[in-house]
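**Q**
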Amino acid sequence: MSVLLPTPDAGLVKRFAGGDENALIALYREEYESLLAAAAERLGHELAHFRGRVAHKAMLDTWEARQRFESPVAFSAFLEEAVRQEADIQRRKHAALRHRDGQAQHHVDVASVDDAVMALMAELHAPVTDHAHALEEVRAMKRAHTKEHVERVVEKPRWLLYGGLVLVAAVVIVAAQRVLDQAGSEVAVDRALTGEAVQHISSNRGQRGSFTLRDGTRATMGSDTRITIPDEFGGTQRTVQIEGTATFTVTPSVNPNSPPFAVRAGTVTATATGTVFTVRHYPEEADVVMQVAEGMVSVRDKDTDVTQTVKAGEAVRVTNGTVTPLDGVARDVALAWTRDSIVFVQAPLKTVVPELVRWFGMNAALVDSTVGDRPVSMRIALTSAGDAATALTAAADLVITFGKNDRIEFKRAPTAR
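Next up, the structure:
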């Protein structure tokens with residue numbers, strides 16, 4: 001998202017996080033035009049008239065998550081991600097209707113800021129339907145149905161029980177065969193990725209780029225990334241390995257017997273068909289982060305055999321076999337590069353400087369270890385290394401000096417007397 005939302009006043013965000021509806025109104029008014037612009041950019045020209053609806057839902061999403069915002073940067077990061085998600089949902093709805101009915105949705109007028117605020121508050125205070133009684137009725141019906149079903153099963157002839165045992169045994173045999181097949185597939189992938197004829201495509205620090213794999217899949221790499229492609233890719237294998245971060249736009253295979261496209265990152269394998277998704281896993285990071293923009297991806301951890309399906313609009317973090325969803329802020333911190341920026345939210349300064357080196361190719365270092373744990377929150381566009389260095393000095397109260405070979409050295413700013 002090239003349209004960056006303005007960073008609001010810290011006091012206003014603090015009131016918003018505390019549940020102050022006046023702060024909600026003030027922030028919505030302040031951000032409204034930028035929200036419309038960001039939504040229009042994500043929706044595209046054909047669906048830009050839905051930008052008011054996207055802005056409305058994004059602000060409601062942000063209000064529901066208000067307690068997590070400790071800084072204006074966290075607020076803006078979440079709101080930008082909410083716009084992205086809501087716009088993608090609107091695009092999928094439009095595509096589904098067009099596919100089903102053969103026609104587009106009708107044009108929607110964009111509300112003025114006053115009308116938008118009124119609509120937001122009206123929805124916020126709409127009466128909530130009490131589902132408790134209906135839910136209890138459903139549960140009662142389920143209990144009655146279960147009791148009736150058990151009674152019928154008990155009355156069935158004994159030969160059905162034996163038949164059931166035979167069926168269970170057959171299921172166990174099939175499941176065991178699948179486990180063996182999967183193990184064999186893992187070994188084949190391992191061999192392919194470590195073979196002598198593998199190809200490595202890399203981006204250096206401060207570089208980003210794109211290339212097309214032999215099966216037509218498009219890969220857009222972030223900085224400091226290496227993708228390993230086996231010699232068998234496009235034939236018996238469609239698995240690549242990544243160290244770094246990249247977005248893959250997968251081309252479905254025309255051969256129904258062709259293996260699905262997959263990305264190996266550490267012990268995690270992400271398997272997809274006809275999908276757009278982003279993976280991040282640098283060698284020094286224990287986690288694997290994945291975000292799905294279109295379609296679905298199956299995520300599996302090799303060590304624990306934990307498998308989970310991730311749908312469009314969702315993002316997850318895999319840590320030691322545990323898969324957890326990522327909220328808007330954590331997702332933005334890990335994957336903001338896909339929207340031409342990087343984000344830090346209360347990140348230790350000692351981890352921020354290496355990220356600047358990675359994404360801007362800077363010859364820089366933090367030479368004052370006494371401020372290594374100082375928290376930093378900021379958003380930087382991936383355009384100028386000079387602007388990034390200046391922004392860091394302001395956000396972390398640092399000064400810049402120059403060392404050997406013109407290395408940029410960040411130090412604690414002197415205390416004013």
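For the sequence shown, the residue numbers in the numbering used here are 1 to 417. Ideal Cβ placement from N, Cα and C applies to all residues, glycine included.
1. Can you tell me the Cα-Cα spacing of Met118 and Leu124, whole angstroms?
2. Quick check on DSSP: helix, strand or coil for Lys311?
3. For Ser298, which residues does DSSP report across the bridge?
4. What's the gap between the Cα of Val345 and the Cα of Tyr282?
5. Per DSSP, what kind of secondary structure is Phe69 in: helix, strand or coil?
6. Can you find the residues in the same chain that come closer than 6 Å, C-beta to C-beta, to Val289, ignoring five residues on each side of it along the sequence?
7. Kindly indicate the opening and closing residues of the beta strand (DSSP E) around Glu285.
8. Helix, strand or coil: which one does DSSP assign to Glu196?
9. Going residue by residue through the region 30–93, where are the continuous alpha helix (DSSP H) segments of at least 4 residues, counting only ones entirely within it?
10. Any contact of the region 358–366 with the region 201–215, i.e. 3+ C-beta pairs under 8 Å?
11. Compute the beta-carbon to beta-carbon distance between Ala48 and Tyr32, rounded to the nearest angstrom, for a pair I have assumed lies under 8 Å.
12. Does DSSP put Ala26 in a helix, a strand or coil?
13. Is Arg92 closer than 8 Å to Phe16 when the C-beta atoms are compared?
14. Enumerate, from N- to C-terminal direction, the unbroken alpha helix (DSSP H) stretches of 4 or more residues contained entirely within the region 324–383.
15. Distance, Cα to Cα, Asn363 vs Ser71?
16. Buried or exposed for Asp224, please, with buried defined as at least 16 other CB atoms from any protein chain shown within 10 angstroms of its CB.
17. Just reading off the alpha helix (DSSP H) that Glu123 is part of, what are its end residues?
18. For the candidate residues Asn320, Thr251 and Val329, whose alpha-carbon lies nearest to that of Arg379?
19. Please report the distance separating the alpha-carbon of Ser341 from that of Glu284.
20. For Ala188, tell me which candidate among Val240, Ser210, Gly216 and Ile201 has the shortest Cα-Cα distance.
21. Ile229 to His200, Cα distance in whole Å?
22. Closest by CA to Gly244, which one among Pro259, Ala265 and Thr271?
23. Specify, as a first and last residue, the run of the beta strand (DSSP E) that Val263 falls within.
24. Taking the alpha carbon of Val310 as the reference point, which residue from Met296, Asp406 and Thr322 has its own alpha carbon closest?
25. Roughly how many angstroms separate the alpha carbons of Val254 and Ala192, rounded to a whole number?
26. For Arg317, name the three-state secondary structure that DSSP assigns.
27. In the DSSP assignment, find the beta strand (DSSP E) that holds Lys411 and state where it starts and stops.
28. Decide if Asp181 is buried, meaning its Cβ has at least 16 other Cβ atoms within 10 Å, or exposed.
29. The alpha helix (DSSP H) with Phe16 in it runs from where to where?
**A** Reading it off the structure:
1. Linking Met118 to Leu124 through their CA atoms gives a straight-line distance of about 10 Å.
2. Strand.
3. Secondary-structure assignment with DSSP links Ser298 through a beta bridge to Thr271 and Thr309.
4. Linking Val345 to Tyr282 through their CA atoms gives a straight-line distance of about 19 Å.
5. Look at Phe69 here: in three-state DSSP terms it is coil, with no helix or strand label.
6. So the list reads Arg280, Arg317 and Ala334, once near-sequence residues are dropped.
7. For Glu285, there is no enclosing beta strand (DSSP E), as DSSP marks it with neither H nor E.
8. In this structure, DSSP gives Glu196 a state outside helix and strand, which the three-state scheme calls coil.
9. DSSP runs (the alpha helix (DSSP H)) wholly in the region 30–93: 51–64.
10. Put simply, the region 358–366 touches the region 201–215. At least three CB pairs are less than 8 Å apart.
11. At roughly 15 Å, the Cβ-Cβ gap does not stay under 8 Å, so Ala48 and Tyr32 are not in contact.
12. Ala26 carries a helical assignment under DSSP once its states are collapsed to helix, strand and coil.
13. Arg92 is positioned such that its CB atom lies no closer than 8 Å to that of Phe16.
14. Correct list: 328–335 and 349–360.
15. Between the alpha carbons of Asn363 and Ser71 lies a distance of about 29 Å.
16. By the Cβ-count criterion, Asp224 is buried, with 16 or more other Cβ atoms from all chains shown falling within 10 Å of its own Cβ.
17. Per DSSP, Glu123 belongs to the alpha helix (DSSP H) from Val113 to Leu124.
18. Nearest neighbour of Arg379 by Cα position, chosen from Asn320, Thr251 and Val329, turns out to be Val329.
19. Rounded to the nearest angstrom, the two C-alpha atoms are 21 Å apart.
20. Closest option to Ala188, judged by alpha-carbon separation, among Val240, Ser210, Gly216 and Ile201: Val240.
21. Using only the alpha carbons, I get a separation of about 6 Å.
22. Minimum Cα-Cα distance from Gly244 among the listed residues Pro259, Ala265 and Thr271 corresponds to Ala265.
23. Start and end: Phe261 to Ala265.
24. Ranking Met296, Asp406 and Thr322 by Cα distance to Val310 puts Met296 first.
25. Using only the alpha carbons, I get a separation of about 22 Å.
26. Three-state result, Arg317: strand.
27. That run of the beta strand (DSSP E) goes Ile408 to Arg412.
28. Legend: pLDDT at Asp181 = 47, less than 50; position of this residue unreliable, no value from coordinates given.
29. Looking at the DSSP string, the run of the alpha helix (DSSP H) that includes Phe16 is Ala10 to Ala17.
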